[in-house]
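The structure appears right after this line, and notes come after that.
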Amino acid sequence: KWLRVQEDFITREEEKALALYFHERLCGQQYSEGHWDSVIVSYRETLMAWEELPAALRPAVERLASLFEPGAQVQRKVHAIDLSESHGRIDGHVDSVKFCGEHVIGLCLLSPAVMRFKRAAPDEVHAGTEERAGYVKVKPQAGDAAGAAAASATDAPGDMAPGAATTEWVAAPGTGAPGETVDVLLRRRSAYVMYGVGRFGYEHAVLGGVQRFGPEEVKVRRRRRISLIVRDEAD
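In the numbering used here, the protein residues as written are -16 to 218.
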């Protein structure tokens, strides 16, 4: 409900051309060990307008943007993130609406990767995104002292009038309990669309190194990975 993955979204030839272009664009940078938000490790990045791309590469990015819902206000920029093979990774985090709107769409180049989603607790999501994160406010049952105490602890100061019944954020049905973990395999040349609860209610991470995926524990070796990301406008 909050993640779509489309494999073989681009051809091998398109992947080669995109990877070569961004390799040449980024090769003058050193891999940085820390990002300003402390989420990305051992990475290089660039942000550029679609119009700056060579004409031969634009159709792939425009096709990527076509995955947005009709009517979305698409940012005409592409964000490239280059993770080193040695220890590049994106650590778990939940999104805010500061830099983009409801959707993030990505394209995976050069390497498969495991993306891990971990259900965030209500106090771990960004203020103002609780409903997008799949939480609803409820009042504890009358006489439920434990529930009332827990609810009181989660209420923000001034959220309720003095003497009013307290409320708490609880997970909406079907959105997962806090701590629940889901792993998703992103193959080379695949595109993914992430939105809603997946962005705002789950910590999501791109793992590094060698991972075991699925019930058969298939080995997934994360090599150097370049991802291209497009976003919609912030609300």
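All residues carry an ideal CB built from backbone N, CA and C; glycine is no exception.
Would you mind reading off the limits of the beta strand (DSSP E) that contains residue i?
{"i": "Ala154", "result": "Glu151 to Ala154"}
Counting along the chain, where does the alpha helix (DSSP H) carrying residue i start and finish?
{"i": "Arg195", "result": "Where Arg195 is concerned, there is no enclosing alpha helix (DSSP H), although the beta strand (DSSP E) it sits in stretches over Val193 to Phe196."}
{"i": "Leu92", "result": "Element bounds for Leu92: not the alpha helix (DSSP H) but the beta strand (DSSP E), His86 to Leu92."}
Got a sec? Which residues, its chain only, sit under 7 Å from residue i by beta carbon, not counting five neighbours each side?
{"i": "Pro105", "result": "Glu113, Tyr118, Thr137 and Trp152"}
{"i": "Pro145", "result": "Below a pLDDT of 50, predicted positions are generally treated as unreliable, and Pro145, at 39, falls in that range; the measurement from the model is reported next regardless. Answer for Pro145: no residue qualifies."}
{"i": "Val87", "result": "Met177, Arg182, Ile212 and Arg214"}
{"i": "Arg59", "result": "Ala32 and Trp33"}
Return the residue from the list the options that minimises the CA-CA distance to residue i.
{"i": "Ala0", "options": "Arg(-13), Leu40 and Glu216", "result": "Leu40"}
{"i": "Glu35", "options": "Ala55, Leu66, Gly54 and Val61", "result": "Val61"}
{"i": "Pro198", "options": "Val167, Ser67 and Ala188", "result": "Val167"}
Could you check if residue i is buried or exposed, using at least 16 other CB atoms within 10 Å of its CB as the buried criterion?
{"i": "Cys83", "result": "buried"}
{"i": "Asp218", "result": "exposed"}
{"i": "Cys91", "result": "buried"}
{"i": "Arg195", "result": "exposed"}
{"i": "Val180", "result": "buried"}
Name the DSSP beta bridge partners of residue i, please?
{"i": "Gln(-11)", "result": "Ala174"}
{"i": "Thr112", "result": "Paired residues: none, contrary to the question."}
{"i": "Lys202", "result": "Arg195"}
{"i": "Ala120", "result": "The sequence shown places Lys at residue 120, rather than the Ala named in the question. Lys120 is bridged to Trp152."}
{"i": "Ser210", "result": "Ile64 and Cys91"}
Leaving aside the five residues before and after residue i along the sequence, list all residues of the same chain whose C-beta is less than 6 Å from its C-beta, in chain order.
{"i": "Val121", "result": "Val153"}
{"i": "Ile23", "result": "Ile73"}
Can you give me the Cβ contacts of residue i inside the same chain, cut-off strictly under 8 Å, excluding the 5 residues immediately before and after it?
{"i": "Ala129", "result": "Because Ala129 sits at a pLDDT of 43, beneath the cut-off of 50, its placement in the model cannot be relied upon, and the point is left open."}
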